[in-house]
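Engineer: So the protein lines, in turn, are chains A and B. Following my numbering, the numbering of the first sequence begins with 1 at its first residue and continues without gaps. Following my numbering, the numbering of the second sequence begins with 1001 at its first residue and continues without gaps. After the structure tokens below, expect a handful of questions from me.
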Amino acid sequence: MALDFHSLARGDALPPIALSVSAEEAAAYLDATGEPAERWEDAVPPLAQGALLLGALMEQLALPPGALHTGQEFAFLRAVAPGEPLEGRIAVAQHSERRGSVIAAFDLELRDADGEPVLRGRSTVIAPAREEGAPS
Amino acid sequence: MSVEAPAVAPVTRLIDQDRVDRYAVAARDPNPIHTDAEFAAASDFGGRIAHGMLVLALVSEAMAGAFGRRWAESGSLRVRLRAPAVQPLKVTAHAEPRGLADGVASYDVRCETADGAVLLSGTAAVALGDA
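Okay, here's the thing in structure tokens:
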């Protein structure tokens, strides 16, 4: 069952996400973005890791209509090989309501098999606040 | 000794529905605002929009073009997504050097349409190491 965006609270953490970007998945990402594939023959494009971690978040979180992705930060800490097993961690860093909108920020982290971070990031989303009386 | 960050060549790309559809599959992003014409038509945007991460990918491509693997090892990005990318549209990613300090090159980055609308803007940085 998808998580309800409006029911999130600061400090909430999603269950760890097993993630691995195969060479085929990296190739599909590069084909879609149009970036030359030759550049990334022995490493996963770093933004592809972030995109797939965000995709995993979107699979678990039901965004309300009108939600907008308004901010994005990433720090790439080391190159990752295709197929390398990773674990994604996502936590709610901010969830606050102001002037009819909810601002939510999600801290993102990918760790390698040794538990060392290879990517960190933060995504910010703004969505209309839940109307009073609307079902939760 | 140079104190300027190396130049980064801009990247221009057509973002159309075919590209957005392929990106939605590749990034496993199920949000219908990007792919479902009927859903998107009823939204505030009036049509399907490209993923912000797809637009941001042009910035990452520009930085990787200049720095190669070092971008994956030490790059960073911080951007605000300023306007929805209602496609099709041609987008150019720019990275203008801000400076070089302690071996880290920093840039002002933005993605804009052919008529100058800024879709995202922010900063990027990469460690140049000993090279």
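Note that the Cβ used here is the ideal one computed from N, Cα and C, for glycine as well.
Kindly identify the DSSP beta-bridge partner or partners of residue 74 (chain A).
Structural biologist: A:121, B:1077.
Engineer: Among A:9, A:8, A:128, A:48, which one has its Cα closest to the Cα of residue 144 (chain A)?
Structural biologist: Not covered by the structure: residue 144 (chain A). The range shown for chain A is 1 to 136.
Engineer: Any idea what DSSP makes of residue 95 (chain A), helix, strand or coil?
Structural biologist: Residue 95 (chain A) falls in the strand class under three-state DSSP.
Engineer: Could you pull the DSSP bridge partners for residue 1119 (chain B) from this structure?
Structural biologist: Beta-bridge pairing links residue 1119 (chain B) to no other residue.
Engineer: Taking the alpha-carbon positions, what's the residue 1052 (chain B) to residue 1110 (chain B) distance?
Structural biologist: Near 12 Å, if we compare the C-alpha coordinates of residue 1110 (chain B) and residue 1052 (chain B).
Engineer: Tell me the start and end of each unbroken alpha helix (DSSP H) in the stretch 1058-1103 of chain B that is at least 4 residues and wholly inside, in chain order.
Structural biologist: List check, alpha helix (DSSP H) in window: 1069-1074.
Engineer: Between the Cα of residue 105 (chain A) and the Cα atoms of A:123, A:117, A:113, which residue gives the shortest distance?
Structural biologist: Ranking A:123, A:117, A:113 by Cα distance to residue 105 (chain A) puts A:123 first.
Engineer: What does residue 1010 (chain B) reach in chain A if we use C-beta pairs closer than 8 Å?
Structural biologist: Those within 8 Å of residue 1010 (chain B) in chain A number zero; the least Cβ separation is about 14 Å.
Engineer: Quick test of the definition: if touching needs 3 or more C-beta pairs under 8 Å, does the stretch 1059-1073 of chain B touch the stretch 1081-1088 of chain B?
Structural biologist: Touching, no, given that fewer than three Cβ pairs across the two stretches are closer than 8 Å.
Engineer: Residue 1072 (chain B) touches chain A at which residues, Cβ-Cβ below 7 Å?
Structural biologist: Those are 43, 46, 76, 79, listed as they occur along chain A.
Engineer: When you check each C-beta in the stretch 1030-1054 of chain B against every C-beta of chain A, which residues fall closer than 9 Å?
Structural biologist: Cβ contacts with chain A come from 1030, 1031, 1033, 1039, 1042, 1043, 1044, 1051, 1052, 1053, 1054.
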